[in-house]
Every structure is written in structure tokens, then in C-alpha cells.
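J.: I am attaching a structure below and will ask some questions about it afterwards.
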Amino acid sequence: MPDAALYTPTAIIGSELPRIDGPLKTSGTAMYAADYHFPHLVHGVPVTSTVAAGKIRSIDTSAAEKMPGVLLVITHDNVGPLFRMAPGGHDGRTSESRPPLEDDIVRYWGQYVAMVVAETIEQAQIAAHAIKVDYDPSSFNVSKVLDDSPTEELPLHTESKRGDAISAFASAPVKIDQTYVTPAETHNPMEMHATVAVWNNPKFTLYETTQGVMNHQHVMAETLGVPRENIQVITRFLGSGFGGKLFPWPHSALAAAAARQLNRPVKVSTNRQMMFQNVGHRPRTQQHMQFSATPDGKLVSLRHDYRNHTNLGDDIHENCGEATPFIYSVPNLLLTSALVRRNVGTPTPMRGPGAVPGLFAVESAMDELAIALKMDPVEFRLKNDTLTDESNGKPFSSRHLKECLQLGSEKFGWSKRNPKVGSMCKPGDPDVILGWGVAAASWGAGHGPCQASVALLNDGTARVSCGTQDVGTGTYTIFAQIVSDRTGIPIDKVRVVIGDSALPPGPTSGGSTCTATVLPAIAEATDNAIKVALATAATAKDSPFHGKKPDGLAFHEARVHLEDRPASTGTPYQQLLKMANIDAANGEGSTSALNSNPEARKYSTHSFGAQFIEVEWDPGIARLRVSRVVSVIDGGRMINKKTAENQILGAVVMGIGMGMLEETIYTPKTGQPLNSNYADYMVPTHADSPSIEVHFIEYPDPILGEYGARGIGEIGLAGVAPAITAAVYHATGVRVRELPVRIERLMQSTVQV
Amino acid sequence: MNQFNYLHPASTDQAVSSASSDGSKFIAGGTTLVDLMKLYVENPSTLVDVNDLPLAQVESLPNGGLRVGAMVRNSDLAFHPTVKEKYAVLSEALLSGASPQLRNMATTGGNLLQRTRCPYFRDVTAGPCNKRNPGTGCSAIDGFNRTMAILGTSDHCIATHPSDMDVAMTALEALIFIEGPKGKRSVPINDFYKLPGDTPHIENVLEPGELITHVEIPPAISTKQHYLKLRDRASYEFALASAAVVARVEGGHIHSVRIAMGGVGTRPWRAHEAEAVLTGKPATPAHFQAAAEAALRGAKPHTENAFKVELAKRCVIRALKVATA
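Chains as they are written, first to last, in the UniProt record's numbering: chain A, 1 to 753; chain B, 1 to 325.
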């Protein structure tokens, strides 16, 4: 246990406070990017390529240009300057490195080849349909088999190594040697990507669907070739992102370019089909696993060799080995990776990037090895648990995987499991077999730099601001909670201002790091504002504390009081500010990156969890459903239990999609993502969402700051898919190593009720 | 979508005469048509809106049957007391389809004309499709065909008929009433749909300008009925296989039975062969199995949908088991 101070917060921290922005969302008054309208606003509709590779011979825009309302047709001939990001030195990350319409080469189906701008969306749509693009198509590759040999350009990387995994595996008594595959998945947030670009020379205001207003500002400044201060990015509300909105996509630059050319506000929104084409996806992975153990269940070696597809212009590495080097104790380990190129859009992080598909392979292999050992899969994991990160020798700041597995077993009723395949029937329904599966979960913890401002205003309210945004996870709410915790100002009197790049620089909402990043900055800003309030109390002419030393004053329950007297004897801070004719007591605060803290560098920081899943398998009609989930999460302190639980519930449902439904299908004949709509690309419906029980093992992690919160956006998805396939095996005897589980595979089961 | 003329006739006669010109389409709930217009798969020059025509009644007939107006919404039909009581298979089928919002819009007449969900049909950029562009070829036969049909296919088209309602209507032997430029006529539902053959763009017997006005459902042979729909997820998905069963059981024997299948045919699929196997036989698993084998005897799977043959059999067997219980 690290030796660092933890703070004891008030009851507002860890409460089940409903999200403060909820009423705006349920009443339809929250403004999302595409909701913004301005006088003279016009609409851009992109034209996308209908070949997966080739060269544009010509683009016939003549018919479109004559259509009513059409103002502009942008192609690579007239798009104007859009720049690439300079290598190194910049602190922004884009998605597709090629700016839209940079050249006449098509590298994937759905790439933007033109955009029509018209007075109305309908006029723009019909004109976009009238654009005729003549291609000189070339051969392309969307093969699902990722067996391509490493090349000089795309070499094999050794990511982690200890001992000798190859010879240890060769001589090990019990082993498994299998390949696991996860398909390309599409993020599919309900809110599609959109940009409303307003050009007011020399300044751009971009209303965006972004998980990072600051990053978006930095990238668009470079892309458009303007100073950063001339770009303001606004994202007040986001209809979720799942990683798909972390980095700018080409439509944003197209909207800005059109606004600059026309000197009118331009709105560009992707449609659902484009969501599958040109705004990222989780890349396909192929992972070869060689695991071995002693007959009594101690791991001997782990080998994890994986590949993921990336697009033609970008090297997007899906970090499948995120958890492999440290999740279990093992003396011999080898982890390698390689990329293969396919004619697809640029991949991008999707909830739990790398770790989630990686853990599908790791935890599936663990389940298979437990079966080979004739050992209970929970016991097997407990036996190989460790409190040291064996990849670097550092202790974990706070690792409670063992308790996750134990509590999960207890809550799920794991001891009642009969390990024999197909042996458990659903009580009261003789047609249905139950399958029970388990998997461990892990996701990295950390935080980046951040600045925040807090103002305690003389009307009795507070304002807290930061250039971050709320993906829909509850960021607004925890901002208010921290200010309220430290000042006693009621939640409904704390105004949270985020989603604007003009605010003090805040973090991207990614990697489950936003909470850990903003908390120290808000806390410090609040404390500094309190100091100003106390100094005011000590100096204001009519103040009851006039002449006292600020050190002897305290701030609780929204009052300034003598430190040795109860808060109820104090004076409301707003009265003191008014006495001094001061508008607000302002404070600034900042967080520095976790890795800049020498104490933190002594530890390995991760969250852990365990997923227990029951499936129902009705072999008579080949029907598979997830019927029960117990998810136990070790994520440090939970700032808000309700939004935290919401995160895990949503992640588990997403995991059911990953396990049983989701796959972006690129057709071999054309290379197009064929199932590019909500009906054909299936995600779970409410009817697919079973009883989900969420438990938090709350050990505040002091290395992550005085609140000890690590963050939980992604951990809830980790481990769900392998727990499903383990449960499916238990029910059917069929081991599914390529997601999603399809009933046609399970129909080979010989298990009968 | 392309621009179109919009007509809003006040009477059925007016609607029929308005829709006689080339390129005209009737629009009811619009849940298929508007989608396909947005996708440029349907490009009507004129839409004739039939929403205000007096076709939204459900009425009991003297013979004990039911007359359902073409404009009766799927939700209203599913929850109609007579339908729930006497035609449970229809109510179950309706409620297994789409989503509540769609069912509130979709109509009886429109559903009879629901078009396939074949992705190659629904995407004008997805390559050849004989249904969309006659004579160009079929991309599904050697493409993505997991969800495609295994019964009634041809070398020109393997697109699945997507409806649930029509499968139940088929088992109930509904009669479709039509009004057109040449007058009125009625067609049994089993004669209404055409197999794709070499003209997959012609899906039914409707002539230009003909409007479905209502459907008559004869008295059911039994209230022992069941609609079973099998799919990957629990809701909002078209059937991989479905079965509608209406069975009259006397003394443990099947007196008579009607079986129709969905999700597997290029049209709602009446399983006469399976019915023949069962008639007069004890309601036992062995006979259900024999019936299922008969129902799928002519099945022709493609590269990715062979599992549907077995799935459809299991579906028929379970639906028979539930209906006859």
C-alpha cells in the first residue's frame, strides 16, 4: 500500500446524486453540436467513394451545380489549403492523417471525394447524389485473415519479454495453443458526428461532437493553418462517443473549409452509413496464444502474438497486450505485435482499446487452460494472482483482483456451478441449459495535466470551469460534487462550465482518465478560491472577522467561521464578498501528469475487475441469451455511485454486443462495410439486457490523488466477451474463438437437454 | 431523396385513378417506402397518400371471420380484442416485428408489400441486384448471404421476404381485397406473392394502380396457435427463421393444421407438405420432426446460410409443440 495521504471527503462524494444535466437532456433542451443554427447557415453533404481503392479519373459536378440552392461543390481541385499535422512537437492527435480531398487517390470505401454545400439539407443531399465520380479502380484488400508477414515498413514488435516463453512452453506439462479473433466493430454512438463551422474572419468557431475540445482546437489550428487562438471549439453536450470522437475526423475540416470559402456558417453531419466508413472503428485483431502451466495450476509461460488491421495511411496499433504482461504471475512471457494494412477507414480507439480485445484472448486462453487442468477457473486465476507487476517489478498501487473474484463468486453463487458441460438446467424450464463463465478485467489508470478555475460568487453560487467535456458519463456532476464537497455550497448552486476550448485547458475524455485528471485541479482551484474568501473576510471593513488572521478562519457549509468554532457560527461567504464589494473569490488549480510524480513512478497503476456471466441456451431452437451478469469493479473511490454504476451497466451491455452480435462486415467483392445501419449491425436492445448486478470494491488509490479515484469508463467492458464465451462453452461444449458468437457455430453442439 | 409529386385523394376511387400513371406509388405508414426513397432504391415520381381513406376499420364478419382495413396500424391490429382472442398467431407475429414506434405507423396493407432487407437491394452502391435493377445480376448469391432465403430462390434472387405479419396471415389463409382501374378483385394470400424466378422485381400480383383495400381473415380452424420467431437478438431484428402454426387437435391427434414459415423464403412460405405429414397423426415429437423435414425438403442453402435449414426445422418443431400443447 503506497504511503500517501488520502483525504476524507463529505457525504456528497460517493453519493448516488443524479446527474445535474439530466433534466436538460430529458427535456430536449441540451444543445448538441448539430442542434446549433445560425442566420444564413447552409448545409454540407459529403460524397463518399464507391470503390475501396483507385484513382479518381474525373468528377462531374455539372448537374449538381445547376440544382436549386447549390452554392458550392468542393473536390480535391478546389478544397483550398488543408494541412497535415507536423510530425513530432505538436500536442494534438488527429485521426486520419490525410486531410480530406488532399489528392485524387481513394484508399477505402466511403472516403470523402467531394462535398456539396446548399441552402437546405435536402438540396445538398439530392445534389450530392447527382455528383458523378468516374474511378479508375485498383485492387484492394479487406481480407479477414491477418496472416500477412511482417515487413520492413510494418515490422514485428516485441512489447514485453521475460524468461524464455518459447522453450518453457515446449517442455510444459499442460498447455493450450489457440488463435482468437475479434472483428472490426463500429462505435455507433446514438449521436452521429457533426460540425457546425462559423467563420468570422480571422476566427473559426466550431460546434463539435468531440471528446476533446482542446485537442480538437490544436488539430484544427494545424489543419486549417491558423493560430490556435483563432479556433474555438464548443461541445456542451455529447451523445456519447466510446472513443470514436476522441480525435477530429475529416468532416470537421470540410465544414471549416466550406465556411471559409462561403463566409457562411456550414453544418456537416455524417449519416449512419458514414458512421461505418470514415469516422473510425475498432480494428480486427488476430491473436495467437500459447499458455502453459504446471499440473497443479501455476502458470509456466504466456505467449501472446497479435496483429490488427490498420488502414493505408496510418499505423494504428490496437494495444491488445495492454494487460498481458502483468495480469498474472508468470516467469516466462513473450508479447509481440504487428500491423497489417487493409483498405479500410482509419481505425481509432474504442472503449477499452487493445485491452478489451486483448483480454478476450487472454481470458479465453485462461479458461481453456483451466479446463485442461481440470481446475475451477476462479481458483486458477486466484492461484496466479500477484501484487507485483512482473513486467517492471513495481508493486501495484492498489490491486484487488482477488477480492473481485471472491466477491463475484459469492454474489453470483459460483460454488453451485457444476463444471460438467451442459449439466445445468434452467429451473422451471427443461428446454433451457445454463452456462456459467467468468473472466478477469483490467484497465490502466493514470491522469494527465489539467487546469481548472473556480469562482465563489457574491450571489451565493459557485462557478467551476475547465476545457474538458462530458461524454455523457457524468463529468458535469462530479465537477459540482467536488466544489460542493470542499465548500458546502449546495449542488444546485454550483454552475459547471465545460465544453469550450476557451476555458482553462482540460483533458480529453478518454482512457478513463478524465475524472482522475480533473479532480486535483478542481480541488486546488476550490481551495484557492476559499483562501481568497478567507482573506476577504479578514480584511473587509464590516466583516465580523475583520483583523483576524486568515489562518485562523475556516470555510464550511458555505460560511466563513473561526476555525475553533462551528460553521453555524460563521457568516455566509457571499455576505462577506458583498461587504468588500467583491464579485467573486477566484481560484485556479492544476493537475500535473501522473508520470511526472516521482512517487507515482514507483507503482504500477491499474484498475481490475471480474465478470461473472450466465447464458441461457435453448438447443431446441438454437436460442442463446445472456441472462445474468455480476460485475465487480476495483476502480478506487467512486465519486458518484449512480453515474459509476451507469457506466458499468452500459459497458456490460456493450460487452454483450461484442460477445454475441457486433461485426462490421466488409464485403470481399467491393470492400464496403455492408451492414452499415442500426438494423443490420446489431447492438443489444433493452430486451437483450439481462439482470446486471454491479459491485464496487472501493479502495481509494492514493497514488491517483487525495480522492483516490481511478476512473471506470472502460473497465466494465473488459472481460465481458470472454466470460460469455466461457459460459457458452459451459452450456454447449462449443468453444468460440472468433467473435461474435453465432448460433450456427453453436448448432454443432451435441449437448442435449 | 428525389423530388416527387404528392397527392392526397379523398376517396379510394380517386386514389386508384391518381396512381395509374407510371412511377406512382401509394404511401401508407411509409416505414419501408420512405426508407427506400432516402436510399434512392425507390424513386417514385408521385406519391399517393392513402392515410385518410376510410380503410382503418376492423370488423367482425357474419361468417365469424374478420375484415381488416388496409390502413389498420400494426399496433392496433395486434392489440385488437378479437385478434388476441381468435387469431393469437397474428397478434404474436405483429408484436415480434420491428419496434413499437414502427408498429404504430406500419399498416396492414403496407406490410403485405414490405420489401426485402437484402443489403444489396437496399444500397444502390452495393453492386448488381436483379430486384433493384433487373438484369444486372445478384450480389448475394456469392456474397454476404447469411440472412438470405433458402426456399423459393432462383439463380436471379435469393432475397428473403422480411414480414412477420404476412407469415401469420398465410397460416390463417387471409384473402386480400384489391381495387384497381379495372375494378375490384380478391386474391388468397397464398396466390398473392410471386416467386422471384427471372423477374425478382415483380413480387406480387398487383397491377399498376391497384390498391389493397382490406384483408379478410376466415374463421381460424382452431385457437391453438403460435408464432415463433428465431433471431440473434431478442428484439428489433428480422427473423432468421419463424413459424406460424394453427392446429386443431382432437384426442391427441392433429385433425388439421396450417403451417407457414418466415425468414427462410423469398415469400411467406406455406408448408403444405408438412401439413400433409401431420394431418391425422398423433401430436408427437416424431411427427413434428417428420413435418419439419418435409417443410424444408426443397431448401437450397448458399455459402453462409446452410444453418437456416436446421434452424427452420427446429423452429417448426417447437412452434408445433407449443401450439398443440
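From the three backbone atoms N, C-alpha and C, an ideal C-beta is built for every residue, glycine too.
Can A/G435 and A/W617 be called in contact, C-beta distance under 8 Å?
T.: The answer is yes: Cβ separation under 8 Å.
J.: Give a yes or no on whether the minimum CB-CB distance between B/D155 and chain A is below 8 Å.
T.: Taking Cβ atoms only, chain A never reaches closer than 8 Å to B/D155, which makes this a no.
J.: Taking the straight line between their C-alpha atoms, what separation do you get for A/D376 and A/H157?
T.: If I take the Cα positions, the gap works out to 34 Å.
J.: Counting only beta-carbon atoms, is B/R103 nearer than 8 Å to chain A?
T.: No - not a single Cβ of chain A is within 8 Å of the one on B/R103.
J.: Which of the three DSSP states is assigned to A/G705 in this structure?
T.: Three-state result, A/G705: coil.
J.: In angstroms with no decimal places, state the Cα-to-Cα distance between A/S397 and A/E363.
T.: The alpha-carbon atoms of A/S397 and A/E363 are separated by roughly 23 Å.
J.: Out of curiosity, what's the CA-to-CA distance linking A/K394 and A/L387?
T.: About 9 Å.
J.: Tell whether a beta-carbon distance below 8 Å holds between A/A516 and A/A709.
T.: Yes, the pair counts as a contact, with Cβ atoms nearer than the cut-off.
J.: For B/G263, which residues in the same chain have their Cβ closer than 7 Å to its Cβ, ignoring the five residues on either side in sequence?
T.: Closer than 7 Å at Cβ, skipping near neighbours: T160, F238, A239, L240, A241, S242.
J.: Between the beta-carbon of B/A295 and the beta-carbon of B/V246, is there less than 8 Å?
T.: No, the Cβ-Cβ distance between B/A295 and B/V246 is not below 8 Å.
J.: Going along the region 724 to 749 of chain A in order, which residues come within less than 8 Å of chain B, judged by CB to CB distance?
T.: Residues passing the 8 Å Cβ filter: R742, I743, E744, M747.
J.: Keeping to the same chain, check which residues put their C-beta closer than 6 Å to that of A/A462; ignore five residues upstream and five downstream.
T.: Hits under 6 Å: L456, V483, I489, V494.
J.: Going along chain A in order, which residues have a C-beta closer than 7 Å to the C-beta of B/P119?
T.: By Cβ distance, chain A contributes L674, N675, D680.
J.: Residues of chain B with a CB under 7 Å from the CB of A/H129: which are they?
T.: Going along chain B in sequence order, the residues near A/H129 (Cβ under 7 Å) are Y40.
J.: Between the C-alpha atoms of A/V432 and A/K426, what's the straight-line distance to the nearest angstrom?
T.: Their Cα atoms are separated by approximately 5 Å.
J.: Excluding five sequence neighbours on each side, which residues of the same chain lie with their C-beta closer than 7 Å to the C-beta of A/A165?
T.: Cβ neighbours of A/A165 beyond the five flanking positions: S301, L302, R303, N332, L333, L334.
J.: Closer than 7 Å by beta-carbon distance: list the chain A residues that pair up with B/D164, in chain order.
T.: Neighbours of B/D164 on chain A: none; closest Cβ ~14 Å, over 7 Å.
J.: From which residue to which residue does the beta strand (DSSP E) around B/Y6 run?
T.: Note, B/Y6: beta strand (DSSP E), 5 to 7.
J.: Less than 6 Å between C-beta atoms, sequence neighbours within five positions excluded: which residues of the same chain meet that for A/D485?
T.: Correct list, in chain order: P9, T10, I12, I13.
J.: Have a look at the DSSP bridge pairing and note the partners of B/M261.
T.: According to DSSP, B/M261 bridges with B/A243, B/W269.
J.: Roughly how many angstroms lie between the CA atoms of A/R683 and B/P128, to the nearest whole one?
T.: Position check: residue 683 of chain A holds Val in this sequence, whereas Arg was assumed. Each residue's alpha carbon lies about 28 Å from the other.
J.: Can you list, in chain order, the residues of the region 121 to 138 of chain B whose Cβ is nearer than 7 Å to any Cβ on chain A?
T.: Taking 7 Å as the Cβ-Cβ cut-off against chain A, the residues of the region 121 to 138 of chain B that qualify are T125, A126, G127.
J.: Tell me the DSSP secondary structure of A/W109 in three-state form.
T.: Here A/W109 sits in coil by DSSP.
J.: Is the distance from the Cβ of A/P690 to the Cβ of A/S627 below 8 Å?
T.: Closer than 8 Å, so yes.
J.: State the Cα-Cα distance for the pair A/P68 and A/A124, rounded to the nearest angstrom.
T.: Rounded to whole angstroms, A/P68 to A/A124 spans 9 Å at the Cα level.
J.: Quick one, which of A/D177, A/E65, A/V694, A/R284 has its alpha-carbon nearest A/N342's?
T.: Per the sequence shown, the amino acid found at residue 342 of chain A is Arg instead of Asn. Taking only the C-alpha atoms, the option nearest A/R342 is A/R284.
J.: Distance check for B/M148 and A/T179, CA to CA, integer angstroms please.
T.: Going by the C-alpha atoms only, they are around 30 Å apart.
J.: Ordered along the chain, which non-local residues of its own chain (more than five positions away) have a Cβ less than 6 Å from that of A/V344?
T.: Result list for A/V344: Y108, N311, in chain order.
J.: Please report the distance separating the alpha-carbon of A/Q232 from that of A/G241.
T.: When rounded, the distance between both Cα atoms is 20 Å.
J.: Cα separation between A/G444 and B/E203?
T.: Straight-line Cα distance between these residues: approximately 56 Å.
J.: Using CA atoms only, rank isn't needed, just tell me which of B/S45, B/K321, B/F177, B/V309 is closest to B/F288.
T.: Of the listed residues, the one whose Cα sits closest to B/F288 is B/K321.
J.: Using a Cβ cut-off of 8 Å (strictly closer), state whether A/A687 contacts chain B.
T.: Interface residue, yes.
J.: Give the C-beta separation of B/I259 and B/L112 to the nearest angstrom, bearing in mind that I take them to be a contact with Cβ-Cβ under 8 Å.
T.: Wrong, their Cβ atoms sit about 20 Å apart, outside the cutoff.
J.: How many Å lie between B/S253 and B/G280 at the Cα?
T.: A small correction: the amino acid at residue 253 of chain B is His; Ser does not occupy that position in the sequence shown. When rounded, the distance between both Cα atoms is 6 Å.
J.: Is B/F307 close to chain A? Criterion is C-beta to C-beta, closer than 8 Å.
T.: It does: the Cβ of B/F307 has a partner Cβ on chain A nearer than 8 Å.
J.: Compile a chain-ordered list of the residues in the region 603 to 621 of chain A whose CB is closer than 7 Å to at least one CB of chain B.
T.: Listed by position, the residues of the region 603 to 621 of chain A near chain B (Cβ gap below 7 Å) are G620, I621.
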